[in-house]
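Student: First the structure, then my questions, so here it is.
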């Protein structure tokens, strides 16, 4: 909760901070690419490290690194010294850290709860995420309008560091090993073999490697530009992003009562609504219609997120889970989960 409180504010603040320094959609795309490219490059290594070293240690280290890099960017913004290359370099640092952090986080839930409680645990985590996704972007947009994006990034940096401190007493048993310990390359090959021989896993990842790329370009990159140049504005864009989180939160309440018997099938039906806000944004560039579409999309995305996590956690061996998630995130870009 501490971590997400700051993290949900960061994308809005970062997007409008870049547009404040350089009023160019291309420069915003460059900053986003600076985050994505190292995340893609190091994601597989991140999965191996999380499975090999221990997930809590990786998460703690990543939190500290993210807090320091975001804090530096916030300081540059608040002192008026930020330049485009600062955004590019620090976004690359954060992308590398995310490549270590995300597979570790994704593999943690099955270590904390028994299998029969996986749906309830995932719903609880998702409910926390959705609630903060509602508040974070709106508060961030408010800070951007009133005091500037630097303060929103400063809050994000503080949240990363506080989250690292909160995790200090957490102890998860180390991975049990038998016989000789394989090399890093050996574990990487082991993960690849599992991924390519598990048909449902690589097919879904391949499909979403395309659809998520479309979403990132149309919604995440061009969306703020469209908002700034239209009646939607910065605050309206914050409301749109929050509306998708409202849809996710509503669906989590439903999923507390409904058990998914075929989670992957139901999830693929739900995710069909993911592109609805992009369609409405192109046809009717107004805040309210896009917000309504975002609510529906959020509900569908939540169904997919739960279905996908259950499919992974119930069918992938625990000692392989972070590596499997790293291939998932490599293809899907972590947008949905």
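In our numbering, the protein residues as written are 1 to 337. Quick reminder that beta carbons are idealized off the backbone N, C-alpha and C, glycines included.
Please classify residue 147 as buried or exposed, where buried requires at least 16 neighbouring CB atoms within 10 angstroms.
Tutor: Here the question's residue 147 lines up with position 147 in the chain shown. Residue 147 is exposed by the Cβ-count criterion.
Student: Going by alpha carbons, who is nearest to residue 293 out of 142, 240, 127, 112?
Tutor: Taking the chain shown and counting its residues from 1, the one referred to as residue 293 is at position 293. Ranking 142, 240, 127, 112 by Cα distance to residue 293 puts 240 first.
Student: I'd like to check one pair, residue 160 with residue 66: are the Cβ atoms closer than 8 Å?
Tutor: Working through the chain shown from its first residue, we reach residue 66 at position 66. Working through the chain shown from its first residue, we reach residue 160 at position 160. Taking C-beta atoms as the reference points, residue 66 and residue 160 count as a pair closer than 8 Å.
Student: So, with DSSP's three-state summary, where would you put residue 5?
Tutor: Numbered from its first residue, the chain shown carries residue 5 at position 5. Secondary structure at residue 5: helix, using DSSP grouped into helix, strand and coil.
Student: On the DSSP letters alone, give me the boundaries of the alpha helix (DSSP H) that residue 420 sits inside.
Tutor: Residue numbering for the chain in the displayed model covers 1 to 337; residue 420 lies beyond these limits and cannot be assessed.
Student: Which residue from 315, 13, 15 puts its Cα closest to that of residue 195?
Tutor: Within the chain shown, the letter at position 195 stands for residue 195. It is 315.
Student: Is DSSP giving residue 314 helix, strand or coil here?
Tutor: Your numbering for residue 314 matches position 314 in the chain shown. Helix.
Student: Just to confirm my understanding: we take residue 35, look at its own chain, exclude 5 residues before and 5 after, and list those with CB closer than 8 Å. What are they?
Tutor: Stepping through the chain shown from its first residue, residue 35 is reached at position 35. Cβ neighbours of residue 35 beyond the five flanking positions: 91, 92, 94, 95, 98.
Student: Is the CB-CB distance between residue 139 and residue 329 below 8 Å?
Tutor: Residue numbering aside, residue 139 sits at position 139 when the chain shown is read from its first letter. Residue numbering aside, residue 329 sits at position 329 when the chain shown is read from its first letter. The Cβ atoms of residue 139 and residue 329 lie no closer than 8 Å to each other.
Student: What residues in its chain sit with their C-beta under 6 Å from that of residue 124, if we drop five residues either side in the sequence?
Tutor: Here the question's residue 124 lines up with position 124 in the chain shown. Closer than 6 Å at the Cβ level, and outside the excluded window around residue 124, lies no residue.
Student: With DSSP run on the structure shown, which of helix, strand or coil describes residue 284?
Tutor: Within the chain shown, residue 284 is the residue found at index 284, counting from 1. The answer is coil: DSSP assigns residue 284 none of H, G, I, E or B.
Student: Residue 70 lies in the alpha helix (DSSP H); which residues open and close that run?
Tutor: Residue 70 sits at position 70 when you count from the first residue of the chain shown. Per DSSP, residue 70 is one residue of the alpha helix (DSSP H) stretching across 55 to 78.
Student: Spatial neighbours of residue 246 within its chain, please: C-beta separation below 6 Å, excluding the five flanking residues on both sides.
Tutor: By one-based count along the chain shown, residue 246 stands at place 246. Excluding sequence neighbours, residue 246 sits near 134, 295.
Student: Measuring only the C-alpha atoms, how far is residue 82 from residue 73?
Tutor: Taking the first residue of the chain shown as 1, we reach residue 82 at position 82. Taking the first residue of the chain shown as 1, we reach residue 73 at position 73. Rounded to whole angstroms, residue 82 to residue 73 spans 7 Å at the Cα level.
Student: Kindly list the residues whose CB is nearer than 8 Å to the CB of residue 18, restricted to its own chain and excluding five residues on each side of it in sequence; keep chain order.
Tutor: Reading the chain shown from its first residue, position 18 is the one you call residue 18. Taken in chain order, the residues that qualify are 27, 28, 31, 84, 87.
Student: Determine the direct distance from the alpha carbon of residue 304 to that of residue 187, and round the result to whole angstroms.
Tutor: Residue mapping note: residue 187 aligns to position 187 of the chain shown, counting from 1. Residue mapping note: residue 304 aligns to position 304 of the chain shown, counting from 1. Looking at the two C-alpha atoms, the distance is approximately 29 Å.
Student: Hey, out of 55, 265, 157, whose CA is closest to residue 109's CA?
Tutor: Against the chain shown, residue 109 aligns to sequence position 109. Looking at the Cα atoms, 55 is the closest of the given residues.
Student: Which value, in whole angstroms, describes the spacing of the CA atoms of residue 25 and residue 226?
Tutor: Working through the chain shown from its first residue, we reach residue 25 at position 25. Working through the chain shown from its first residue, we reach residue 226 at position 226. Their Cα atoms are separated by approximately 10 Å.
Student: What separation, rounded to the nearest whole angstrom, lies between the Cα atoms of residue 77 and residue 71?
Tutor: Within the chain shown, residue 77 is the residue found at index 77, counting from 1. Within the chain shown, residue 71 is the residue found at index 71, counting from 1. Between residue 77 and residue 71, the C-alpha separation is close to 10 Å.
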